[in-house]
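To convert, note that position 396 of the sequence shown is 409 in this note's numbering; the numbers rise steadily by one, no gaps.
Every residue gets a Cβ at the ideal spot worked out from N, C-alpha and C, and that includes glycine.
The structure presented is a predicted model; accordingly, all values stated were derived computationally and were not measured.
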Amino acid sequence: MKRRDFLAAAAAMTAAGATWLPESAWAQASAPAQPRASGYENLLILVELKGGNDGLNTVVPYADPLYASYRPSIGVRRGDVIQIDERTALHPALAPLLPMWRAHELAIVQGVSYAQPNLSHFRSIEIWDTASRSDQYLREGWLTRAFANSPVPKGFAADGLVLGSAEMGPLANGARAIALVNPAQFARASRLVTPVALKERNPALAHILDVENDIVHAADQLRPRPGEYALKTAFPGGAFGASIKTAMQALASGDSVQGAPVAGQGVAVIRLTLNGFDTHQNQPERHADLLRQFAAGMVAIRSSLVEMGRWDRTMIATYAEFGRRVRENQSRGTDHGTASAHFVAGGRVAGGLYGDAPQLARLDGNGNLPVAVDFRQIYATVLENWWGLDARAVLQQRFEPLPLLRV
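Okay, here's the thing in structure tokens:
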């Protein structure tokens, strides 16, 4: 299909009343069925902390006197932190995560970044989404490449489900994914109007509509239906809570529709986004609210997955484009930095601290923390240890997985 025909057909479809169109891999929609790939019964949930989360005020090196000196007005007071060992603590807003931590189901990976980090939002998240080097430009998301190398089984509704963002991120340019910027649209996903007359007159439009019907069918398999798949879990309010509720209802619906005996047969991955972490000004209050939303959301995810019998078959991992600068700025905030802390959780996660504690006495010339863990080591852990795939084929070089899973 020529590009101009594709664009013209898309415009005609919009004019005809097709108000919701999930992004998907157009070429893959009509691809022949692939043999079942092992490992995708294990579900991956990615939580993007969009804007660049401040790792130092999330996982606090409270025992290091340099912490208070670098952050005299925005640092978390020693008397308020939640201590998890003799030098490390959590922000008080993360108190709801303590039961998960005590059950050894929550891992904290410190010092996560990459070599020669880029401090542009756009470029750095592109690096994370594509698992590229800082000097390398890749088109496909790292999950798109994974699914291209080892396709998701035919019985799955889709490769992935994206909620809370219009950007496909690690599923960009090829994955068969359903994107829901507004979760309320999910209930209307299978009621699209198909303009039959236009389809008959325009072969390019016919192709688009065929692809759309394929994705709408997938959405219908996951779409919550009134009175069915009611979860007992109480979900938090707000946009992030609504996305979580929709995702969990979709999982419950997908299993029920397909009669799946094991977890993960609705989709292989879910990507959620919590916005607002670019805290250049008045960080303490804003950051505390964001961490409260994150903690409440994590608790709800765990509760609903336990309810569905999926907790032991799910890994949750956070990511962000970068962390924040160590020294506070003059606006009671923090500027773009490098290494940060990230969370990994699940019923089979080997909880604890990984990576290196922040080396506040070893900042680089720009006042940033040294890198302890390359973010692609977390991806390698997902690919090799969680899904049983060839991580090198996806990441294009060898990265050592982290021992984040119980044997």
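Return the CA-CA distance between residue i and residue j, expressed in angstroms with no decimal places.
i	j	result
Gly84	Leu264	One point to set straight first is that residue 84 is Arg, not Gly, in the sequence displayed. When rounded, the distance between both Cα atoms is 42 Å.
Gly154	Gly92	42 Å
Asn66	Arg326	27 Å
Phe412	Arg405	7 Å
Met113	Arg323	16 Å
Ala192	Gln262	15 Å
Leu174	Ala309	21 Å
Arg337	Gly168	42 Å
Gly250	Ser178	17 Å
Asn162	Leu151	16 Å
Gly64	Glu334	7 Å
Val60	Pro78	31 Å
Phe307	Ser353	16 Å
Tyr75	Leu107	15 Å
Phe160	Asp172	8 Å
Ala44	Pro164	Note on Ala44: pLDDT 35, under 50, position unreliable in the model; the coordinate value appears next. Approximately 11 Å between the Cα atoms of the pair.
Arg419	Ser147	32 Å
Asp291	His300	9 Å
Leu62	Thr71	12 Å
Phe135	Thr143	12 Å
Leu408	Leu57	17 Å
Asn398	Asp348	35 Å
Met311	Leu69	20 Å
Gly401	Gly52	6 Å
Arg361	Ala81	36 Å
Ala260	Leu176	8 Å
Leu341	Leu244	In the sequence as displayed, the identity of residue 341 is Glu instead of Leu. For Glu341 and Leu244, the distance between alpha carbons rounds to 43 Å.
Gln149	Trp141	12 Å
Gln372	Pro383	7 Å
Thr246	Ala374	44 Å
Ser133	Gly289	16 Å
Leu304	Pro166	36 Å
Ala330	Ala252	19 Å
Ala370	Glu99	12 Å
Thr351	Ser137	10 Å
Gln390	Gly88	29 Å
Asn55	Pro109	25 Å
Residue i by DSSP, collapsed to three states: which one?
i	result
Phe169	coil
Glu298	helix
Thr347	coil
Glu61	strand
His134	helix
Ile283	strand
Ile95	strand
Arg337	strand
Asp387	strand
Leu107	helix
Met328	strand
Ala81	helix
Glu151	Per the sequence shown, the amino acid found at residue 151 is Leu instead of Glu. Here Leu151 sits in coil by DSSP.
Tyr392	helix
Ser145	coil
Gln123	strand
Ile314	helix
Leu366	strand
Asn381	coil
Phe253	helix
Val73	strand
Phe412	coil
Ala190	strand
Ala102	strand
Val89	coil
Asn398	helix
Ala354	strand
Val407	helix
Leu373	coil
Val420	coil
Asn162	helix
For residue i and residue j, which I take to be in contact (beta-carbon distance under 8 Å), what is that distance rounded to the nearest angstrom?
i	j	result
Gly254	Ala313	7 Å
Pro3	Arg284	Missing from the structure shown is residue 3; the chain here goes from 14 to 420 and no further.
His117	Ala363	7 Å
Leu417	Tyr367	7 Å
Gln123	Ala393	Not confirmed; about 18 Å, so no contact.
Val339	Leu376	6 Å
Ala120	Gly365	6 Å
Leu156	Val282	6 Å
Is it a yes or a no for the stretch 102-112 touching the stretch 126-136, going by three-plus beta-carbon pairs under 8 Å?
no
Per the contact definition of three or more C-beta pairs closer than 8 Å, is the stretch 173-187 in contact with the stretch 295-307?
no
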